[in-house]
Each structure stands twice: as structure tokens, then as C-alpha cells.
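Colleague: Protein chains in written order, with my numbering: chain D, 35 to 149; chain S, 7 to 124. Glycine included, each C-beta is placed from N, C-alpha and C at the ideal position. One structure follows; several queries about it will come next.
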Amino acid sequence: GNSVTQMEGPVTLSEEAFLTINCTYTATGYPSLFWYVQYPGEGLQLLLKATKADDKGSNKGFEATYRKETTSFHLEKGSVQVSDSAVYFCALSASPMDSSYKLIFGSGTRLLVRP
Amino acid sequence: GAVVSQHPSRVICKSGTSVKIECRSLDFQATTMFWYRQFPKQSLMLMATSNEGSKATYEQGVEKDKFLINHASLTLSTLTVTSAHPEDSSFYICSARKKGLAGWETQYFGPGTRLLVL
Numbered sequence: 035g036n037s038v039t040q041m042e043g044p045v046t047l048s049e050e051a052f053l054t055i056n057c058t059y060t061a062t063g064y065p066s067l068f069w070y071v072q073y074p075g076e077g078l079q080l081l082l083k084a085t086k087a088d089d090k091g092s093n094k095g096f097e098a099t100y101r102k103e104t105t106s107f108h109l110e111k112g113s114v115q116v117s118d119s120a121v122y123f124c125a126l127s128a129s130p131m132d133s134s135y136k137l138i139f140g141s142g143t144r145l146l147v148r149p
Numbered sequence: 007g008a009v010v011s012q013h014p015s016r017v018i019c020k021s022g023t024s025v026k027i028e029c030r031s032l033d034f035q036a037t038t039m040f041w042y043r044q045f046p047k048q049s050l051m052l053m054a055t056s057n058e059g060s061k062a063t064y065e066q067g068v069e070k071d072k073f074l075i076n077h078a079s080l081t082l083s084t085l086t087v088t089s090a091h092p093e094d095s096s097f098y099i100c101s102a103r104k105k106g107l108a109g110w111e112t113q114y115f116g117p118g119t120r121l122l123v124l
């Protein structure tokens, strides 16, 4: 079945450090991949997405590239800020040919950025 | 934009009572909405898929009679936790699926409802 595996957190970084949060997936067909962010006490916000192999999603300085050969979608940011402290979820959605369109989430990675 | 609201944002109730949570898509029509449950420091667990005008599809292990879902219009889905007990205390999040220009559909999430059952 489809699944998403994320690196365990928490990840603690100093401000302006480089961020990588690893995400790998298992899926049949050609899934779409997402990163969602959840700030404390809030719901999820879509951060970025990629719908096909080699696509790069980017937003607010974050980026992730859909790597089909390594089944990965690692999240990166060159210089993190304190305001980036949140929980980040990697997710996949099955091929559009799948009528369920369910999102399958990874376990989430908590990021803490210190001043 | 694509805004999804939930009401209430926080609710405290006594054991044995029922609680209704509303999920609204404010600026688009959503034929499908999803209900998730999130335990502290854990990922989201899909509870059910709510389709406008038809019965909800529940995930394995989710009690249909416990978590009643109604999707009466293209902008509103409700989740009713019946005869709530302390173990039902959780963060409930809904999402609504919106079709984009290219036909691609993306889920937009509500801010969540924190339920505490005493």
C-alpha cells in the first residue's frame, strides 16, 4: 500500500541554518507529493506540492524536488527563521486515476528554530 | 483563495453529551470533504470522507454511529460526536477538496476544533 516515511524529530536549528527534512514514499502509480506545515494550535497549511517526477515545488523559501528514482521528496530551506518553527508533514495523494484522492501523511517532523 | 473554516474552535463538554462540529468552505464549492483526527504530537488520521448528498465513507476502525457525518450542501459538512467520552478528546480537522483550473484537486484544511470531554 501507499505510505510516507519522514525523519523523526524534533529538529533543532539556529536561525539562518540550512534545513533538510527527509521524506520518502511508497506508492503505486504516479502519486502527487505535498508538504504541509502546522503552526502551534492551528490546522494544516499547504506549503508546496509537486505533481510529477522532477517537478520542484517552492514557497516561502522552502523547496522540494520530486525524485522518482529515489522515491523521495525532501524539504529544504537555505536559511531558517524563528517563525519557521512548526510541524512539517509530508503527504502523498494517489494518482488522479484513483477516485479516492485520499491524502496519506507522514508522522510529521517538529522543527524548532532558536534565535 | 481557498478558505475553510471550522466551528467551534474549541469545545468542552460533559461525558455522555453530543457535540457537533461544522466545516465550511467559504469561497468555493466542495463536493468532497474529509475529517481527520489528530492526537497530541502525532500525525493526522483520516476518519471519513464526506460526499455531498450521499453517505460518508468511513475508514476502518472508525465507528459510524459514534461519529456522524452529514454533508448537506456543497459548502458545509458536519461531524457529530455522539455520547462523547474522555477518550474522544482530540483535535479534529476537516479539509475540503477544490478543483483547480487544470482539473487538479487540492485539499484545503480548516483550523481545527479542539474537543475536551470531561
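Would you list the one or two residues that DSSP bridges to residue 39 of chain S?
Modeller: Answer by DSSP bridge pairing, in chain order: S:56, S:102.
Colleague: If we count the other Cβ atoms within 10 Å of its Cβ and call it buried at 16 or more, is residue 66 of chain S buried or exposed?
Modeller: Classification of residue 66 of chain S: exposed, given that the 10 Å Cβ count is below 16.
Colleague: For residue 120 of chain S, I'd like the list of residues in its chain whose CB is within less than 6 Å of its CB, leaving aside the five on either flank, ordered along the chain.
Modeller: So the list reads 16, 97, once near-sequence residues are dropped.
Colleague: May I have a chain-ordered list of the beta strand (DSSP E) segments no shorter than 3 residues that lie completely inside the segment 71 to 103 of chain S?
Modeller: 73 to 79, 82 to 87, all fully within the segment 71 to 103 of chain S.
Colleague: Of the residues that make up the segment 40 to 71 of chain S, which ones have a beta carbon closer than 8 Å to any beta carbon in chain D?
Modeller: Those would be 40, 47, 48, 49, 50, 52, 55, in chain order.
Colleague: Who are the near neighbours of residue 111 of chain S in its chain, counting only those whose CB is closer than 6 Å to its CB and skipping five residues on each side?
Modeller: Around residue 111 of chain S: 103, 105.
Colleague: Is it right to say residue 37 of chain D is buried, meaning 16 or more other beta carbons lie within 10 angstroms of its own, or is it exposed?
Modeller: Burial call: exposed.
Colleague: Across which residues does DSSP place residue 44 of chain S in a beta bridge pair?
Modeller: Paired residue(s): S:50, S:97.
Colleague: What residues from chain S crowd round residue 123 of chain D, counting only those whose CB sits closer than 9 Å?
Modeller: Ordered by position in chain S, the residues that pass the 9 Å Cβ test against residue 123 of chain D are 49, 50.
Colleague: Give the single residue among S:42, S:62, S:69 whose Cα lies nearest to the Cα of residue 115 of chain S.
Modeller: Selected option, being the one with the closest Cα: S:42.
Colleague: Assuming residue 48 of chain D is part of the beta strand (DSSP E), what are its boundary residues?
Modeller: Here the beta strand (DSSP E) through residue 48 of chain D covers 45 to 48.
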